[in-house]
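Here is the structure we will look at.
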Amino acid sequence: MFKFLTTRHTNKYKTIVNEINTLAKHLKQLSDLELRRQTTILKKEFHRGYSLNKLMVKAFAIVKEATYRLLGFTMFDVQLIGGIVLHEGKIAEMKTGEGKTLVALLPAYLNALSGKGVHIITVNDYLTKRDATWVGKVHEFLGLSVGLIQPNMTYAERKQNYSCDVIYVTNSQLGFDYLKDNMAVSDEETVQRQFYFCIIDEVDSILIDEARTPLIISGLSKSPTDKYIVATKLSSLMKVNIDYEVDEKIKNIILTDRGNIFCEHYLQVDDLYSLNDPWFQYILSSLQAKELFVKNVHYIVQNKIVLIVDEFTGRVMPGRRWSNGLHQAIEAKENIPIQQENKTLASITYQSFFLLYTKLSGMTGTAKTEEAEFDKIYNLEVVVVPTNKPCLRKDFTDLVYKSESSKWKAVASECLDMYCIGRPTLVGTNSIEKSEILAKILNKHSVPYNLLNAKPKNIKKEAEIIAQAGKKSSITIATNMAGRGTDIILGGNLDKFTISTMVYYVSKQLNLLLEDLTILERSPLLLNKETHLLLDKFNVYYNSITKVQISSSFDLENLILSAVKKKSTTTITDNLLQHIYKCIYDQYQENFESEKTTIIKLGGLHVIGTERHESRRIDNQLRGRSGRQGDPGSSRFFLSLEDNLLRVFGGNTLIKVMEALNVEDNAPIESNLINNSLDLAQKKVESYFYDIRKQLIEYDEVLSNQRQAMYAERNKILSSINCRDSIIEYVEITIFELVDKYLLYNHNKNNKLSLLKTIFNILNIVYDYDLCSIINNLSSEKVCSFFYQQIGISYDLQEIYMNKIEEGLIREMEKYYLLQQIDNGWQKHLERMACLRDLINLRGYAQQDPLTEYKRSAFSLFVLMVSYVRQTVTFLIFNTK
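Just so you know, we're using the UniProt record's numbering here: the sequence shown kicks off at 1 and counts up by one.
Here you go:
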């Protein structure tokens, strides 16, 4: 087992795992209460000075035993290794089906002993809720509090959950809460604690794929929307390669000289780039919407709303909008109401955000291909953890067809063959559009299938569709498989099947009209008489005793899960649910086991890829669904020269080769040369996107340092009761800057008088000509000293005046003005930085390094912004009446 690990890790991990297993055997003798008390003992040892490393063996042994008692799973040695890797602040590469969800329990429990809170981060809300309610009970059993962050939670609910020992949350919820905390106007509105340790599930998806897009909180701007309608009509008249050119490799559009003239003539303007009436950005956004963003591939339209589809997971992302007018351009293209354009209020990249943690770790099935990026950007080492059982999957060479239509016919034929012999088949597509193309072809052949893509009606049944994708003769079409979080078990998942059956029959028994019932509604099963009698009893007791509100099948599923997984029951309804579960499980266990044996003989799960993704990791994630835990399996990719990757990166060469060889449309090419060309194309794309992310973090590092400085100042003010000292400091610096500006570099008397009038105005002091004449003859140092003394006098007078209106009003006013002006200044600074970022590359034409120039200009803008904030706060404090 350990031979797959590097020599450096082998002996260390082997020794630790043996110690954990030995101790776990001794812990079996403890009662549940005695096992729970071990947490208190470990916490005391930590506070006495024991390091978490010294407590690791005992903590992992406790979790291993608790997991067996509550969930019925005995952790494999490789899972313990994964836990060690995560605790060390590294990335554990563990293949699909190796139980990563359980692995996270180990380091989370150990690090939560510090009392600082541990974040377990998943890619979607479904997995977050599932993990918190399922494996989170292990932490609760051991005396730790478990938090769950979900959409639509109130501030109070979020704060309560973030204060728990272990918190389950998605990356987007976590990031947006961080930005919102740094926009809060009172300490009560902040919800998060200081970041300590996080475990990221599907770490490559979050830290690599999503790192290209920053998190942005935006507000409505007053930009006109009618220009998008005009630009969309204009773009429909423009012709590709004549009026504009499309570069698909870098996803960019460039107007030609002819296109530029055509646009100016159509719009009757002299300059598309005029600052007074700009049109270029509207035209560019409309052309991008026309050429680069395809409906049911990059987005879907639901209830007249454009919803973005994540290209890596195939999920819709409600609430997310493209920036720079692109979303409005797509709304105009689809002829639906155009929402107001947004302006950035706060933003952060995932690279900057996750580097805020004291310790960072993650797990995934595919990380080794991005090892260099993890190391350079996040300082994370990737450790490949061996599988519990050898992988028996056969990965066949790709089949390449001349046309896309020939490819889809071949895929459908392969599905039909697998259906006829009884092998379960998983077909991975890269978009909703492609999944529905295959579905239509299979309908013509009368081949039954389950469809899983970003459309909401399919997502509701996602976990069940994937869980039963291993059934005999099943065909499952899925748009991307990253972060699905459910294993495909050959013969079907009996546990999931039993729970789903219970959800269906219990809902019928309770006369619940649930909209999101399981797929069993289409083919209900016949249960034996004993089960029906138990259902009748459950109905009686539930209606007379239980007060739990059920509004969805998810609520009902959680009620059933919590009952059937309990070691000991305390209520009659729980006891009845356990008996119902056992009856259904026992009734179908033999069928499932027999079907699994048959499928293993047939060769296991067959995975079909219909297009190579831009990233090799996504392809490997699809392949990895087959061959879990030593099961047999196979995979093959069907490609065409019309696929995006081949067409953009070297497809013309392959077309010439196939034409020279007189290859027929229906005849595929199976060649290592083509596979090598595809691998090379994927590496080129990965390298290109890596360069984008690398450049993004180099530029964002400048803004990140500024952001941390502003947020630190903001947090200091937010936690302060009395902000007088901060105000005095602002005023003194403002006066020094003004004196420095007017006096040190110019000794003109008119400048001095101008300075005095400005300072008198800011401090709300009545202008006195005689006093000005006296001050006019003083040195700059004495002028500063004089006004420093006046600050205290003016501030005392203002405080007395405000306290007459309302006691303590000055304290509230101080904090309000400070936070208001810091936020306003920062938002304007973000707009200027975005403009600077768009234009800075032009400095390259002047033989200047854009990054160096960006840093220099960004520093100047930051200094100006801070100075503006100080002066504005100073003026408002002394001039409020």
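Backbone N, C-alpha and C fix where the C-beta goes; we use that ideal spot for every residue, glycine too. Predicted model, so just to flag it, every value in this text is computed and none were measured.
Interface flag, Lys-881 vs chain B, CB-CB below 9 Å: This model lacks chain B altogether, as it is built from one protein chain only.
Cβ distance (whole Å) where Tyr-449 is taken to contact Thr-476 below 8 Å: 7 Å
If you draw a straight line from the C-alpha of Met-502 to the C-alpha of Leu-561, how long is it? 10 Å
Spatially closest choice to Val-564 from Met-363, Gln-578 and Leu-512, by CA coordinates: The residue with the shortest Cα to Cα distance from Val-564 is Gln-578.
Lys-180 in three-state terms, based on DSSP: helix
Between which two residues does the beta strand (DSSP E) harbouring Gly-609 extend? 605-609
Verify whether the separation of the beta carbon atoms of Thr-531 and Gln-468 is less than 9 Å. no
Any 3 or more C-beta pairs closer than 8 Å across the region 129-136 and the region 173-191: no
Reference Glu-328; option with closest CA among Val-316, Asn-764 and Tyr-299: Looking at the sequence shown, residue 328 is not Glu but Gln. Nearest option by C-alpha distance: Tyr-299.
Using DSSP's beta-bridge definition, name the partner residues of Lys-343. Beta-bridge partners assigned by DSSP to Lys-343: Gly-219.
CA-to-CA distance, Phe-195 to Leu-763, given in whole angstroms: Near 41 Å, if we compare the C-alpha coordinates of Phe-195 and Leu-763.
Leaving out five residues before and five after Leu-861 in sequence, what residues of the same chain have Cβ atoms less than 8 Å from its Cβ? His-829, Arg-832, Met-833 and Leu-836
Look up Val-873 in the DSSP assignment and say whether it is helix, strand or coil. Looking at Val-873 - three-state DSSP - the assignment turns out to be helix.
Let me know if His-119 comes out buried or exposed under the rule of 16 or more other beta-carbons within 10 Å of its beta-carbon. Its Cβ being crowded by 16 or more others within 10 Å, His-119 is buried.
Using 10 angstroms around the beta-carbon of Gly-483, count the other beta-carbons present and answer buried if the total reaches 16, otherwise exposed. Below a pLDDT of 50, predicted positions are generally treated as unreliable, and Gly-483, at 44, falls in that range; the measurement from the model is reported next regardless. That one is buried.
In the DSSP output, what is Met-317 paired with across the bridge? Its beta-bridge partners are Ile-308.
Please report how far the alpha carbon of Leu-442 lies from the alpha carbon of Ser-635, in whole angstroms. 20 Å
Excluding five sequence neighbours on each side, which residues of the same chain lie with their C-beta closer than 8 Å to the C-beta of Gly-259? For Gly-259, the CB contacts under 8 Å within the same chain, skipping 5 residues up- and downstream, are Met-238, Ile-242, Asp-243 and Tyr-244 in chain order.
State the Cα-Cα distance for the pair Ile-775 and Cys-784, rounded to the nearest angstrom. 10 Å
Count the other CB atoms, across all protein chains shown, that sit within 10 Å of the CB of Pro-424; report buried if there are 16 or more and exposed otherwise. Here Pro-424 is buried: its Cβ has 16 or more other Cβ atoms, across all protein chains shown, within 10 Å.
Please state if the CB of Tyr-178 and the CB of Gly-136 are separated by a distance shorter than 9 Å. Between Gly-136 and Tyr-178, the C-beta spacing is not below 9 Å.
Going by the beta-carbon positions, is the gap between Asn-379 and Gly-428 smaller than 9 Å? Cβ distance not < 9 Å, so Asn-379 and Gly-428 don't count as in contact.
To the nearest angstrom, how far is it from the Cα of residue 899 to the Cα of Asp-398? No statement about residue 899 is possible, as the shown extent of the chain runs from 1 to 881 and does not include it.
Within the continuous alpha helix (DSSP H) that includes Leu-42, where are the two ends? Following the DSSP letters along the chain, one finds Leu-42 inside the alpha helix (DSSP H) bounded by residues 32-47.
Ile-822 beta carbon less than 9 Å from that of Glu-713: yes
Can you give me the start and stop residues for the beta strand (DSSP E) that Arg-636 sits inside? 632-640
Give me the Cα-Cα distance between Leu-533 and Phe-637, rounded to the nearest whole angstrom. 50 Å
Identify the continuous alpha helix (DSSP H) that holds Arg-647 and give its terminal residues. It spans 644-648 - the alpha helix (DSSP H) in which Arg-647 sits, taken as one unbroken run.
Under 8 Å, with one C-beta from each stretch per pair, do the region 53-70 and the region 23-31 reach the 3-pair mark? yes
For Ser-523, which residues of its own chain have a beta-carbon under 7 Å away from its beta-carbon, when the five flanking residues on both sides are left out? Its pLDDT being 47, under 50, Ser-523 is placed unreliably by the model, and the measurement read from it follows with that caveat. Nothing meets the Cβ criterion.
Secondary structure of His-26, DSSP reduced to three states: Three-state DSSP puts His-26 in a helix.
For the putative contact between Tyr-690 and Glu-373, defined by C-beta atoms under 8 Å, what is the C-beta separation to the nearest angstrom? 6 Å
So what does Lys-361 bridge to, in DSSP terms? Looking at the sequence provided, one finds Ser at residue 361 rather than Lys. Answer is Ile-199.
Do Lys-304 and Ile-336 have their CB atoms nearer than 9 Å? Contact: yes.
Examine the Cβ distances between the region 853-867 and the region 797-806 and report whether three or more of them are shorter than 8 Å. no
Neighbourhood of Gly-175 by C-beta, 6 Å cutoff - its chain only, sequence neighbours within 5 removed: Closer than 6 Å at the Cβ level, and outside the excluded window around Gly-175, lie Leu-215 and Phe-353.
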